[in-house]
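Residue numbers (the UniProt record's numbering): 1 to 1114. For each residue, glycine too, the CB sits at the ideal point set by N, CA and C.
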Amino acid sequence: MMASTALSLMGRCNPDGCTRGKHVTAAPMDGPRGPSSLAGTFGWGLAIPAGEPCGRVCSPATVGFFPVAKKSNKENRPEASGLPLESERTGDNPTVRGSAGADPVGQDAPGWTCQFCERTFSTNRGLGVHKRRAHPVETNTDAAPMMVKRRWHGEEIDLLARTEARLLAERGQCSGGDLFGALPGFGRTLEAIKGQRRREPYRALVQAHLARFGSQPGPSSGGCSAEPDFRRASGAEEAGEERCAEDAAAYDPSAVGQMSPDAARVLSELLEGTGRRRACRAMRPKTAGRRNDLHDDRTASAHKTSRQKRRAVYARVQELYKKCRSRAAAEVIDGACGGVGHSLEEMETYWRPILERVSDAPGPTPEALHALGRAEWHGGNRDYTQLWKPISVEETKASRFDWRTSPGPYGIRSGQWRAVPVHLKAEMFNAWMARGEIPEVLRQCRTVFVPKVERPGGPGEYRPISIASIPLRHFHSILARRLLACCPPDARQRGFICADGTLENSAVLDAVLGDSRKKLWECHVAVLDFAKAFDTVSHEALVELLRLRGMPVQFCGYIAHLYDTASTTLAVNNEMSSPVKVGRGVRQGDPLSPILFNVVMDLILASLPERVGYRLEMEPVSALAYADDLVLLAGSKVGMQESISAVDCVGRQMGLRLNCRKSAVLSMIPGGHRKKHHYLTERTFNIGGKPLRQVSCVERWRYLGVDFEASGCVTLEHSISSALNNISRAPLKPQQRLEILRAHLIPRFQHGFVLGNISDDRLRMLDVQIRKAVGQWLRLPADVPKAYYHAAVQDGGLAIPSVRATIPDLIVRRFGGLDSSPWSVARAAAKSDKIRKKLRWAWKQLRRFSRVDSTTQRPSVRLFWREHLHASVDGRELRESTRTPTSTKWIRERCAQITGRDFVQFVHTHINALPSRIRGSRGRRGGGESSLTCRAGCKVRETTAHILQQCHRTRGGRILRHNKIVSFVAKAMEENKWTVELEPRLRTSVGLRKPDIIASRDGVGVIVDVQVVSGQRSLDELHREKRNKYGNHGELVELVAGRLGLPKAECVRATSCTISWRGVWSLTSYKELRSIIGLREPTLQIVPILALRGSHMNWTRFNQMTSVMGGGVG
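If you want it as structure tokens, here you go:
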């Protein structure tokens, strides 16, 4: 074995700056393959030319290498030999190794210095980590690979073979020069192309492509020359016409039937009634538009006082909250009005030309149609005859339709349409199908505008949503379900289908980026944006595509007539524009529009080159689509440009245009020798000659609501504190703030937290911020159990989701289902290291914040918070809330009937947060027992339970609380036809007895006694004691039967109304009140409110009184 000593020439540094003696130099070593011919056999040694200044730190420009014989990895390490690492080999890298002071001659300098910030590190690995984190852009520039002899990628070979096959089919011959000229910008020399053509696998691939071209005529003049994968579908148009003719022959309009007189009368009454309402509405004076800011009182009259302005704002917010809670929540969270901040004139000036313009798109070419038919996900025969068959009553009844939807422009409300018998609806639908059109008044739409961003800067930053009439939407929902069944979308299209499309697409993209970095594979990711995709689809091209796909001619005619005659009016801030004739686009808001748009996207996805894409766990991934959000993936520059050109070409055929300003490409090129990725910064790709922006290695971009970087998904940067501040400032009741927080704000952030990258520390801090805000809204002390915030309402908590526990649970539930997805690419993503790591972290977190449910054998976050709440001192008495959900309905369902002040007081009473000596001395009891006894001189410890249930100061308040519940229950019994008598005085042999209520109805008597008790003991046990007190007293029962006029004592039953001072029902008492007396659920929901109000009243009376037992007035 050769020794690892350096063979070099010896020289000396410049004596003016060098104190380290002689240094090694190396002459360039040329061979038959050039200067680097020995790189495969030898290692590299240090060489510093003689005569160069060295000093304490050698000049970086003098660093070079010479070959030495390899022996072992350990001996070849620069650390072992005192040689610089790879980062110091090139002359353009100024990273140096130096020391803090003057080193003795012949000793190594102990530091590695960053050339960008002069920071020194003890190891080269530490320096590399620092440069990647602190100087990522400069590090990426230094990592640019030197391409000496670039390898051929499979996508390049396939494109070259397809191009040669096409030229052979067109000309009969093809030379290397012809190929070189037919592929400008291919990036390969003529000699490289000739060398590839000599390979046997390449020739076989050319013959395979030539076989396809041989069975087809040459490309038409209307084809897309930029996409060589397009084919002409021989006879496709004729076959489509024949299929349509067969459908027309098999379809009998008379089978659908005419509308019956009853159906015609019902429809006429609906239209007449809505017409009268529209006339009345038109006579009303127009109201001013909504304000643009909840906290901006500029629209208030100048003469109003501040108090009047606040009341006006409060009234408007409360009205909006009652009318549309989601819109009110959006306004409150964003701190601005969710409506349109621009006038009708501005919106109409911008949108009318866009909507009225008629598209000049040529429609799908035969080549695009052939690619669509050749795709495996569209293979086989499709039975389109089911699309236009008569609609049955069962299908009408089974159709899923959201009855909470907004009425259309003609004002037919959902309640009115729902009241129409199902068989009459089916008759109307079938009559419209027979005529091929619907009544003109039902075709009209009202277009509203929804902001795309929080604060739109112009009319173009709104999304137009068309609201059609409810009968039309119901009819189209049935057609949409039929069209989806007979024409399933491309497997890569995850929008508008029954699947978790946002999760699947974001997970696949994250897995691809992580896999590319791990395996050092070349990867190009293009995020494309269609400019106003839904609003620019050509009507003629869409109908032609449906016809050539072989759909029934009646259906195609219906769609054509619908778009030719429909119009809309623009609605902006309660103002309406004149009718707008829609010349292009599918109407957003129509149930049929998403499926029709998917048909257009199928054509675009099918046009992508078959062999272009990225292989994730052996699964090819060429595109990710979610509605109009499209991401292309490729393994080479040539393949990416080919895919972009195909999308642009076929999109233009259907009227769609790619937006270069909002589209971008991320390109990762591996450096083979350095084992690192380089991210392209120069603009490499184009759309129709316009260059696309390249995403840098540090730039963030958003896809489907998830932030991504070059490394994959990243942590969501949005802060929740500003939203919490907006909720705190808004004129809302405390219970309304809680509802907006739990139902709107936290779910808004959950999407990014679940699909993005998140850490336990970030989630913990979010929980701290949320609990702090809730504590301020409810004025809760800091020592309230955390579980009270997060436990379910049924368990006695406030049901504020804990993101620290909820996010891991959602990750496990959603990402755990990827491996069972019907999409093979999603299943491949589930096997990737990145998704597996995310699931392992989520399972680890979930085990900390969950308990196994004995019923489902799955971890349950709810059980975790329930256990912690009921194990705490303050939450122990709430343990029976789980058995009686009626006890806590006031927290969420009935909170609208409670004032904000009462709600805060009820929460304090419910969780035992009312101040007392025992509660106030927690953790600092050092003043002796006298400092803990009741201030009223009761000689017992002053707890909240003692104050409310035992203290002499609150005796009168306890009687008032008891009597209030008695009178409420008695009134409810009277409403149920009971004959009621309150507190009868019944003398027995053992003394006077006064049950609260005795009542009779239909020969049945009942004794009801009310008690408000402490929750330390079992409430059911206390109920049984009270029931036995009267029910087992035979003499008393006979007296009650005689007083009620009943024939015998067996007709009388005894029960109790048992509830704790915290408003928790006894389950047995609750059931008997419902079964024996017949009290309804809403009535029983009020009793806990009465108990809580009386308990807080007692606490207030205790603090207002000054009487002391045995001592007079204190």
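Beta carbon of residue i nearer than 9 Å to that of residue j
{"i": "T884", "j": "S1066", "result": "yes"}
{"i": "R212", "j": "A165", "result": "yes"}
{"i": "I997", "j": "V1010", "result": "yes"}
{"i": "E348", "j": "V572", "result": "yes"}
{"i": "R993", "j": "L1036", "result": "yes"}
{"i": "G775", "j": "V784", "result": "yes"}
{"i": "V612", "j": "S636", "result": "yes"}
{"i": "F903", "j": "Q735", "result": "yes"}
{"i": "G176", "j": "L190", "result": "yes"}
{"i": "D707", "j": "G756", "result": "yes"}
{"i": "V940", "j": "Q950", "result": "yes"}
Beta-ladder partner(s) of residue i, from DSSP
{"i": "C445", "result": "T568"}
{"i": "E575", "result": "V572"}
{"i": "N686", "result": "P691"}
{"i": "K304", "result": "Paired residues: none, contrary to the question."}
{"i": "E619", "result": "L616"}
{"i": "P859", "result": "V852"}
{"i": "S1060", "result": "V1013"}
{"i": "K581", "result": "S567"}
{"i": "T979", "result": "S1000"}
{"i": "A664", "result": "V527, R693"}
{"i": "D629", "result": "D529, Y626"}
{"i": "Y703", "result": "V706"}
{"i": "P670", "result": "H677"}
{"i": "F121", "result": "W112"}
CA nearest to the CA of residue i, picked from the options
{"i": "A368", "options": "W112, A646, D515, V543", "result": "A646"}
{"i": "residue 1155", "options": "S607, G712, G689", "result": "Only positions 1 to 1114 of the chain appear in this structure, which leaves residue 1155 out of reach."}
{"i": "R171", "options": "K194, L210, G185, R150", "result": "L210"}
{"i": "L624", "options": "A1041, R413, R925, A826", "result": "A826"}
{"i": "G585", "options": "E575, V600, P579, S577", "result": "V600"}
{"i": "W843", "options": "C487, P859, R494, P261", "result": "P859"}
{"i": "L680", "options": "R132, R435, T806, T141", "result": "T141"}
{"i": "F864", "options": "A787, G458, G920", "result": "A787"}
{"i": "M668", "options": "L986, Q1104, R517, G495", "result": "R517"}
{"i": "C474", "options": "L1046, F530, V1004, T405", "result": "Residue identity differs from the one stated: residue 474 is His in this sequence, not Cys. Taking only the C-alpha atoms, the option nearest H474 is T405."}
{"i": "V1004", "options": "E709, H868, L1046", "result": "L1046"}
{"i": "G688", "options": "E893, H370, E642, V1006", "result": "E642"}
{"i": "T886", "options": "K733, V1052, P1088", "result": "P1088"}
{"i": "A743", "options": "S326, P456, M428", "result": "S326"}
{"i": "A511", "options": "V525, C498, W777", "result": "V525"}
{"i": "V1064", "options": "I1086, G1078, V1052", "result": "I1086"}
{"i": "S538", "options": "I559, V553, G128, I157", "result": "I559"}
{"i": "R374", "options": "V129, P407, R549", "result": "R549"}
{"i": "G632", "options": "R987, W841, C523, K971", "result": "The sequence given here places Leu at residue 632; Gly does not occur at that position. Of the candidates R987, W841, C523, K971, the one whose C-alpha sits nearest the C-alpha of L632 is C523."}
Inter-residue CB distance, residue i and residue j (contact presumed, cutoff 8 Å)
{"i": "Q769", "j": "S820", "result": "Rounded, the Cβ-Cβ distance is 36 Å, inconsistent with contact."}
{"i": "residue 1135", "j": "A773", "result": "The structure shown does not extend to residue 1135, since the chain spans only 1 to 1114, so no value can be given for it."}
{"i": "residue 1116", "j": "L520", "result": "No statement about residue 1116 is possible, as the shown extent of the chain runs from 1 to 1114 and does not include it."}
{"i": "L592", "j": "H476", "result": "4 Å"}
{"i": "V638", "j": "F186", "result": "6 Å"}
{"i": "A1041", "j": "A1049", "result": "5 Å"}
{"i": "G1110", "j": "G937", "result": "6 Å"}
{"i": "A541", "j": "M654", "result": "5 Å"}
{"i": "T806", "j": "R762", "result": "About 14 Å; that fails the 8 Å criterion."}
Chain D contact for residue i (CB, 9 Å cutoff)
{"i": "F968", "result": "Absent from the structure is chain D; it holds one protein chain and no more."}
Check: Can you list, in chain order, the stretches of the alpha helix (DSSP H) that have 4 or more residues and sit fully within the region 1026 to 1058?
Finding: 1034 to 1044
Check: What are the complete alpha helix (DSSP H) segments, minimum 4 residues, inside the region 403 to 446?
Finding: 414 to 418, 422 to 435, 440 to 443
Check: Counting only runs that start and end within the region 443 to 507, where is the alpha helix (DSSP H) found for 4 or more residues in a row?
Finding: 470 to 486
Check: Which runs of the alpha helix (DSSP H) fall wholly inside the region 799 to 846 and span at least 4 residues, in chain order?
Finding: 803 to 815, 824 to 830
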